[in-house]
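Okay, structure first, notes after.
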Amino acid sequence: MMLGFDISYFEAKYRASEAVCQIIGPATPQGFADYCPRFVQGTFTTVEILVLCCLIGLVVAVPMALARVSSNKWLSVPAYVYIYVFRGTPLLVQLFLFYYGLGQFEVLRESFLWPVLRDGWWMGVIVLSINTSAYVAEILRGGIKGVPEGQVEAGRAAGMSGMLLYRRIILPQAFRIAWPAYGNEVILMLKASALTSAITVMDLMGQTRTIFSRSYDLEIFVYAAVLYFVMAFMLTYLFRLVERRLKRHIAYP
Amino acid sequence: MFKTTVISLFLAFGIVATASAGGMKIRIATEGAYPPFNMKDASGELIGFDVDIAKALCEQLKAECTIVAQDWDGIIPALLAKKYDAVVASMSITEERMKKVDFTGRYYSNYLRFGAKKGSAIKSADDLIGKNVGAQRATVAGQWLEDNMAGKVRVKLYDKQTAAYADMTSGRLDAILSDAYPLFDWLKENPDYEYVGEKVDINDQIGIAVRKNEAELRDALSGAIKSIRENGTYAKINAKYFPFDIY
C-alpha cells in the first residue's frame, strides 16, 4: 500500500515538473533546459523536506526549550544533553549514523517502523528535524531569556502562573525576539538539506550530482546554486515580511 | 658533522632527482572503494586489480608513478583540473565521457548483472518492478537503470558501491545492478546473495582516461597495455583476482 502511494506520488511529482518545464523551459539556457524536469523535481523534493523538517523541528523545539529553562533538573538536564549532542556533532555524521546505523539492527528491520526507516527520504526528514529542533530550542531559550523580567512579574501580579504565564506573556514575546534568528536557521536548513543526497535522496543536490555525473559540465552546479539562491531569497523575504508585522508596534511610521 | 650530513642528503636527493628526470612521470588516480578493482588495505595503501595494472604499466613504460585516491564523482573534473594525469579506476568508455576526456584502448571488458538475496522472489529483471534497486551514481549501471527502468523500479543511487552493498544487507534494496566482476567478488564473501536474471550486456569497455590533446601519454599507455597482455604480466594479475580472463 505504502509503495502504491509512493509510486503514484512520484508520478504526480514527475508530471508536475514536466508541466513546469514546458512553461519555463524555453526561457532557460540550453544546459538547464536539457535537464529541466530533473532540476524542478529536485527542487520540489528539497522544499518538501525543508517544510516538513522545519514544522516537525519547531513542534519538538518548543517543549524542549521550555524544559531547558525549567528549574526542574529532571527536565532541564535531558534537554541540555539533547541540545548539546545534536548541536555538537556534524549533520552528515548524524545522517550516516541514523541511516546506516539503524539498518544494522535486525529488530528494527523486522519492526513495523522499517517501511519508514528503510527510506532515505524519511530518514532525511527525521534526522534534519532532530537536528534543527536542537538549534531552534536553543534559539527559543534565548528568546525566553530575553523577555523582560518586569513583564513576568507583572503577569504574576495579575494572578497568572505556570502555563498561562507562558502562553500569554512569555512565549509570544519570546517568538518575536527569536524570529530573525529562526529565519536564519531555516535558511541554514535549506542548505543543510543538500546533505541528504548522500543517503540516496534525490533532492536538488542529488539530482544535480546525478546530472553532473553524465555531462561533467560544471555549469550544472551553477544552475543548482541559482535555484538554491532563489529559494533562500524568497525565504528571506518571507521572514522579513513577518518580522515587520511582528515588530509593527516599535516600527517607525 | 651535522652539516656534512645535511649537505650529503641534499646531494643524494639531487642525484635521485636528476636520475629520474629522464623517465616519464605519471600521476594516476583511482577511486579506492571498488573492490576488487581498487580499494584500500588496512594500512590505507591502495590495492586491487586497477592498482596492479597501473603499476605494471608504469614498470613497462619505466615511468615514475604516484597513485592517489579520488572520490568517484569528482574523478573526471579533477583530471581536467590537472590534479593527476591518468585515471585507472575501472572507468567505462562512454560517449558522454569521451566529450571531456580521451581513453586508451580497453584493459578489460565489462557487463552488468543484477544481484539479490538467495530465495527472494526476484528471479529475473521482470520481478524487479516496483522494487528498490540500487546502483552507484555516475556509473554505467546507474545510468542503465535510469534509462531503462526508471518509472518501473525505484532507482536508488549511491556515492560508493560499498554503500549500495550495505543497503542491500540491511534490506533497503531488493536488488543491485552492478558491474559483474565487483559483484562476483562481493558474492564470494556474501554467500546469502546471488546473481539474478540475465547478463545485461552493454558492450562495455574499460579504459584509462587521460586529458584530451595528450595523445602521447594515451598512446604510450595503450601500447603498454598491449605489451603486458603479450608478456604475461596481465595474465598473472588477472589470475590473482579472477579464475577467468576478463580482457
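Read top to bottom, the protein sequences are chains A and B.
Each residue of the first sequence is one higher than the last, beginning at 499 in the numbering used here.
Each residue of the second sequence is one higher than the last, beginning at 12 in the numbering used here.
For each residue, glycine too, the CB sits at the ideal point set by N, CA and C.
Cutoff 7 Å; reference residue i; Cβ partners in own chain excluding five residues on either side
i	result
R148 (chain B)	D84, L168, Y169 and D170
R639 (chain A)	A563, R566 and V567
Y252 (chain B)	P47 and F60
V625 (chain A)	Q592, L593 and F596
F255 (chain B)	none
K223 (chain B)	V112 and D113
T173 (chain B)	A44
E157 (chain B)	V166
D138 (chain B)	A132
Y714 (chain A)	none
DSSP beta-bridge partners of residue i
i	result
R38 (chain B)	B:T77
K167 (chain B)	B:G145
G618 (chain A)	Answer is none; G618 (chain A) lacks a bridge partner.
S103 (chain B)	B:I217
A211 (chain B)	Going by the sequence as given, residue 211 (chain B) is Val instead of Ala. According to DSSP, which records beta bridges pairwise, V211 (chain B) is partnered with B:L123.
L188 (chain B)	B:F125
I58 (chain B)	B:M50
D113 (chain B)	B:V221
A97 (chain B)	B:I39 and B:V221
Same chain only: Cβ atoms within 8 Å of residue i, ignoring 5 sequence neighbours per side
i	result
V151 (chain B)	S103, T105, N121, L123, D190, I213 and D215
L232 (chain B)	L68, L72, A97, T115, I219 and V221
G33 (chain B)	With a pLDDT of only 46 at G33 (chain B), under the threshold of 50, the placement of this residue in the model should not be trusted; the figure read from the coordinates follows. So no residue of the chain qualifies.
A226 (chain B)	D113
Cut-off 6 Å between Cβ atoms - residues of its own chain near residue i, not counting five sequence neighbours on either side
i	result
A127 (chain B)	I133, A186 and V207
D63 (chain B)	I248
I239 (chain B)	A67, Q71 and Y245
V211 (chain B)	L123
I554 (chain A)	S627
V518 (chain A)	V538
G653 (chain A)	L663 and I667
Beta-carbon spacing of residue i, residue j below 7 Å
i	j	result
A676 (chain A)	G641 (chain A)	yes
P693 (chain A)	L611 (chain A)	In the sequence on display, residue 693 (chain A) carries Leu and not Pro. The answer is no: Cβ separation not under 7 Å.
L188 (chain B)	F114 (chain B)	no
P535 (chain A)	E516 (chain A)	yes
T180 (chain B)	A100 (chain B)	no
A74 (chain B)	I39 (chain B)	no
I78 (chain B)	A65 (chain B)	yes
R117 (chain B)	G218 (chain B)	yes
W197 (chain B)	Y176 (chain B)	yes
Y119 (chain B)	I236 (chain B)	no
L725 (chain A)	T541 (chain A)	yes
I718 (chain A)	T706 (chain A)	yes
G145 (chain B)	D178 (chain B)	yes
V631 (chain A)	V560 (chain A)	Looking at the sequence provided, one finds Ser at residue 631 (chain A) rather than Val. No. Outside cutoff.
K129 (chain B)	E205 (chain B)	yes
L57 (chain B)	A92 (chain B)	no
Interface flag, residue i vs chain D, CB-CB below 7 Å
i	result
T543 (chain A)	Absent here is chain D; the protein component of the structure consists of chains A and B.
Closest Cα partner of residue i within the set the options
i	options	result
L663 (chain A)	A:N570, A:Y680, A:P678 and A:V645	A:V645
Y633 (chain A)	A:Y580, A:S609 and A:S659	A:Y580
A679 (chain A)	A:E717, A:G704 and A:E636	A:E636
G43 (chain B)	B:K66, B:E70 and B:D82	B:D82
I628 (chain A)	A:S691, A:G660 and A:S609	A:S691
G514 (chain A)	A:A525, A:Q539 and A:G529	What sits at residue 514 (chain A) in the sequence shown is Ala, not Gly. The option with the nearest alpha carbon to A514 (chain A) is A:Q539.
N159 (chain B)	B:A136, B:R117 and B:A175	B:A136
K745 (chain A)	A:F673, A:F584, A:E651 and A:Y714	A:F673
V221 (chain B)	B:K111, B:K163 and B:G55	B:K111
V614 (chain A)	B:K93, B:N224, B:R183 and B:C69	B:R183
Y507 (chain A)	B:G234, B:K199, B:D230 and B:R165	B:R165
C551 (chain A)	A:G653, A:M621, A:F727 and A:A722	A:M621
S711 (chain A)	B:A53, B:P88 and B:R229	B:P88
Q528 (chain A)	A:Y721, A:K571 and A:L702	A:Y721
L733 (chain A)	A:I748, A:G660, A:L702 and A:K689	A:K689
G704 (chain A)	A:E651, A:F731, A:G618 and A:T587	A:G618
C76 (chain B)	B:D52, B:M35, B:S54 and B:K94	B:M35
Any non-hydrogen atom of the ligand GDP within 6 Å of residue i CB
i	result
E56 (chain B)	The ligand GDP is absent from the structure shown, which contains no ligand whatsoever.
At least three beta-carbon pairs within less than 8 Å, the stretch 39 to 56 of chain B to the stretch 179 to 196 of chain B:
yes
Counting Cβ pairs closer than 8 Å, one from the stretch 688 to 698 of chain A and one from the stretch 664 to 680 of chain A, do we hit at least three?
no
Does the stretch 733 to 745 of chain A come into contact with the stretch 683 to 696 of chain A, if we say contact requires no fewer than three beta-carbon pairs (one atom in each stretch) closer than 8 Å?
yes
Taking 8 Å as the cut-off, does the stretch 541 to 551 of chain A touch the stretch 599 to 614 of chain A (at least 3 CB pairs, one atom from each stretch)?
no
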